[in-house]
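These notes are about the structure you will find just below.
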Amino acid sequence: MATVLDTTSKKKPKKARPARATAPTGPLPLIGLNREELGQALRSVGIAEKQVRMRVGQLWNALYHHGHKDFADVTTLSKDLRAKFAESFSLARPEIVTEQISSDGTRKWLIRLPSTDPRAPAPEVEAVYIPEETRGTLCISSQVGCTLNCTFCHTGTQNLVRNLTAGEIVAQVLIARDALEEWPTPQEGRKITNVVLMGMGEPLYNFDNVKQGMDIVSDGEGLSISKRRITLSTSGIVPAIERVGNEMGVMLAISLHAVNNPTRDQLVPINKKYSLNELLKACKEFPGVSNARRITFEYVMLKGVNDSLADAKELVRLLKGIPAKINLIPFNAWPGAPYECSEWEQIEKFAEIVNKAGYASPIRTPRGRDIMAACGQLKSASEKIKASQVAT
Ligand code: SAH
Ligand code: SF4
Numbered sequence: 000m001a002t003v004l005d006t007t008s009k010k011k012p013k014k015a016r017p018a019r020a021t022a023p024t025g026p027l028p029l030i031g032l033n034r035e036e037l038g039q040a041l042r043s044v045g046i047a048e049k050q051v052r053m054r055v056g057q058l059w060n061a062l063y064h065h066g067h068k069d070f071a072d073v074t075t076l077s078k079d080l081r082a083k084f085a086e087s088f089s090l091a092r093p094e095i096v097t098e099q100i101s102s103d104g105t106r107k108w109l110i111r112l113p114s115t116d117p118r119a120p121a122p123e124v125e126a127v128y129i130p131e132e133t134r135g136t137l138c139i140s141s142q143v144g145c146t147l148n149c150t151f152c153h154t155g156t157q158n159l160v161r162n163l164t165a166g167e168i169v170a171q172v173l174i175a176r177d178a179l180e181e182w183p184t185p186q187e188g189r190k191i192t193n194v195v196l197m198g199m200g201e202p203l204y205n206f207d208n209v210k211q212g213m214d215i216v217s218d219g220e221g222l223s224i225s226k227r228r229i230t231l232s233t234s235g236i237v238p239a240i241e242r243v244g245n246e247m248g249v250m251l252a253i254s255l256h257a258v259n260n261p262t263r264d265q266l267v268p269i270n271k272k273y274s275l276n277e278l279l280k281a282c283k284e285f286p287g288v289s290n291a292r293r294i295t296f297e298y299v300m301l302k303g304v305n306d307s308l309a310d311a312k313e314l315v316r317l318l319k320g321i322p323a324k325i326n327l328i329p330f331n332a333w334p335g336a337p338y339e340c341s342e343w344e345q346i347e348k349f350a351e352i353v354n355k356a357g358y359a360s361p362i363r364t365p366r367g368r369d370i371m372a373a374c375g376q377l378k379s380a381s382e383k384i385k386a387s388q389v390a391t
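Position 65 of the sequence shown, counted from 1, bears residue number 64 in numbering that gives the first Met the number 0, the numbering being contiguous throughout.
Okay, structure coming up:
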């Protein structure tokens with residue numbers, strides 16, 4: 000049974016901070032600013048130039064090493080400075096609406112973000128923590144909803160509301176660290192060892208904010224989660240793939256799901272724009288790809304759609320020459336889904352062909368299904384505001 004902790008019922012929830020767009024006079028949220036932007040913020044409140052670098056370091060340490068939420072706790076600053084900063088800046092996270100804990104230990108947070116449109120309800124996103132024996136993976140979202148409409152994905156049935164800011168992307172990691180009581184950033188024995196951009200949204204349609212967010216998450220003086228342990232999953236936005244290697248430096252996962260264009264067109268409609276051939280070419284040419292830095296190919300197992308043994312053989316043929324790992328994902332059903340999960344026996348036969356070809360191909364055990372936290376089940380109640388806000 001899933002436990003639902005309604006954090007709003009314990010005490011009166013703090014009002015979500017208004018978005019900068021609607022309330023430029025409120026305290027400036029510092030989460031998600033890079034060092035340069037933090038420096039600008041400090042100059043704007045009169046910090047002398049010769050002190051800026053040191054103060055940036057103190058704020059960075061407070062935010063990302065100690066996880067402070069309140070200037071009162073930042074004892075590296077003088078009392079006066081704490082009070083001054085508290086007037087102008089904020090260390091607060093977005094509001095947690097609910098925290099759910101699955102019977103298998105998976106945790107899911109529903110997070111309310113400030114609305115950029117005062118007439119619309121505040122958008123919400125989800126983040127999921129999946130503990131395993133040897134690691135703990137935090138799955139975070141990059142957009143509220145998604146503009147793409149993969150037919151097997153619950154998030155795809157929700158219209159895009161907006162891109163997350165770098166701060167909102169980073170805040171998901173802070174919220175999980177808060178809940179898991181993992182401050183200050185431990186060197187060893189961490190609960191969150193890996194981060195995957197596999198929650199809601201297509202991260203490559205929010206490239207700049209995701210990049211800034213991952214630069215902060217991987218920063219060695221803060222959260223310190225190495226880029227080798229951060230994986231970005233894309234449905235296949237081919238022109239941005241090279242940039243992931245060159246500019247972001249995180250690991251790449253591709254939502255492949257089909258081995259021919261007609262089936263992929265149906266499952267992952269962006270394939271009509273960026274076909275399988277182009278996608279695989281971008282993978283072959285992915286900067287930094289090697290046997291030590293393999294690309295993960297995700298393949299959702301859909302009964303009678305993409306799970307034949309001929310499909311398995313074709314998969315092996317297609318990936319020849321690409322240092323790859325294959326993740327077979329049993330389809331997670333959601334209300335009204337037009338597909339069924341493949342039979343377990345079929346998944347095993349499929350996996351055997353892929354394994355025999357020399358690929359590690361773990362079948363991903365579904366986690367957190369009882370709280371709708373498994374892959375593709377994430378969907379918040381946020382609705383689309385305006386088509387003009389759709390990311391490009
Ligand atoms: N938008 C990005 C990242 C988020 S989806 C992408 O598509 O890659 C994370 C993974 O879950 C993707 O591989 C996605 O295809 C898969 N997924 C989506 N819906 C699913 C479902 N119902 N069951 C199993 N996996 C699903
Ligand atoms: Fe969007 Fe990924 Fe879902 Fe496709 S699978 S609709 S790209 S979140």
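No residue lacks a Cβ here, since even glycine has one placed at the ideal position from N, Cα and C.
Just so you know, these numbers come straight off a predicted model, no measurement behind them.
- Query: What are the start and end residues of the alpha helix (DSSP H) that includes residue 51?
  - Reply: Here the question's residue 51 lines up with position 52 in the sequence shown. Residues 48-59.
- Within the present structure, is the beta-carbon of residue 300 separated from the nearest heavy atom of ligand 2 by less than 7 Å? Within the sequence shown, residue 300 is the residue found at index 301, counting from 1. It does not: the Cβ of residue 300 is nowhere closer than 7 Å to a heavy atom of ligand 2.
- Query: Out of curiosity, what's the CA-to-CA distance linking residue 348 and residue 310?
  - Reply: On the sequence shown, position 349 is the one that residue 348 refers to. On the sequence shown, position 311 is the one that residue 310 refers to. C-alpha of residue 348 to C-alpha of residue 310: approximately 11 Å in a straight line.
- Query: So, residue 105 versus residue 335, is the Cβ gap smaller than 8 Å?
  - Reply: Residue mapping note: residue 105 aligns to position 106 of the sequence shown, counting from 1. Residue mapping note: residue 335 aligns to position 336 of the sequence shown, counting from 1. Their beta carbons are not under 8 Å apart, which means residue 105 does not touch residue 335 by this criterion.
- Task: Take residue 183 and list the residues in its own chain whose beta-carbon comes closer than 8 Å to its own, dropping the five residues that flank it on each side.
- Result: The residue labelled residue 183 in the question sits at position 184 within the sequence shown. Closer than 8 Å at Cβ, skipping near neighbours: 64, 65 and 66.
- Query: By the 10 Å Cβ neighbour count, where 16 or more other Cβ atoms means buried, how is residue 43 classified, buried or exposed?
  - Reply: Residue mapping note: residue 43 aligns to position 44 of the sequence shown, counting from 1. By the neighbour-count rule (16 or more Cβ atoms within 10 Å), residue 43 is not buried but exposed.
- If you measure from the CB of residue 276, is any heavy atom of ligand 2 nearer than 7 Å? On the sequence shown, position 277 is the one that residue 276 refers to. No, Cβ of residue 276 sits at least 7 Å from all heavy atoms of ligand 2.
- Task: Examine chain D for any beta-carbon lying closer than 8 Å to the beta-carbon of residue 185, and answer yes or no.
- Result: Of the chains in the structure shown, none is chain D; there is only one protein chain.
- Query: Going straight from the alpha carbon of residue 119 to that of residue 187, what length do you get?
  - Reply: On the sequence shown, residue 119 is found 120 positions in, with the first residue counted as 1. On the sequence shown, residue 187 is found 188 positions in, with the first residue counted as 1. Computed Cα separation, rounded: 43 Å.
- Message: With distance defined between alpha-carbon atoms, name the residue in 93, 108 and 268 nearest to residue 100.
- Response: Taking the first residue of the sequence shown as position 1, residue 100 is located at position 101. Among 93, 108 and 268, the Cα nearest to that of residue 100 belongs to 108.
- Task: Provide the residue(s) that pair with residue 44 in DSSP beta bridges, ordered along the chain.
- Result: Residue mapping note: residue 44 aligns to position 45 of the sequence shown, counting from 1. Beta-bridge pairing links residue 44 to no other residue.
- Query: Do residue 247 and residue 231 have their CB atoms nearer than 8 Å?
  - Reply: Locating residue 247 in the sequence shown gives position 248, counting from the first residue. Locating residue 231 in the sequence shown gives position 232, counting from the first residue. Note that the C-beta distance between residue 247 and residue 231 is below 8 Å.
- Message: Rounding to the nearest angstrom, what Cα-Cα distance links residue 129 and residue 190 in this structure?
- Response: Translated into positions along the sequence shown, residue 129 becomes position 130. Translated into positions along the sequence shown, residue 190 becomes position 191. Those two C-alpha atoms are separated by around 10 Å.
- Message: If distances are taken between C-alpha atoms only, which option among 153, 168 and 79 comes closest to residue 138?
- Response: The residue you call residue 138 lines up with position 139 of the sequence shown. For the residues 153, 168 and 79, the minimum Cα distance to residue 138 belongs to 168.
- Message: For residue 300, list the residues DSSP reports as bridge partners.
- Response: Along the sequence shown, one-based indexing puts residue 300 at 301. For residue 300, the pairing in a beta bridge is given by DSSP as 329.
- CA-CA distance, residue 89 and residue 351? The residue given as residue 89 occupies position 90 in the sequence shown. The residue given as residue 351 occupies position 352 in the sequence shown. Taking the straight line from one Cα to the other gives about 53 Å.
- Reduced DSSP secondary structure (H/G/I, E/B, other) of residue 338: As a position in the sequence shown, residue 338 is number 339, starting the count at 1. Residue 338: coil per DSSP, three-state reduction.
- Query: CA-CA distance, residue 266 and residue 257?
  - Reply: If you number the sequence shown from 1, residue 266 lands on position 267. If you number the sequence shown from 1, residue 257 lands on position 258. One C-alpha to the other measures close to 8 Å.
- Limits of the unbroken beta strand (DSSP E) element including residue 262: Here residue 262 corresponds to residue number 263 of the sequence shown, with the count starting at 1. Per DSSP, residue 262 lies in no beta strand (DSSP E) segment; the continuous alpha helix (DSSP H) that holds it begins and ends at 260-266.
- Message: Given the structure, does residue 341 come close to ligand 2, in the sense that its CB is under 7 Å from one of the ligand's heavy atoms?
- Response: The count along the sequence shown starts at 1 and reaches residue 341 at position 342. No, the beta carbon of residue 341 sits no closer than 7 Å to any heavy atom of ligand 2.
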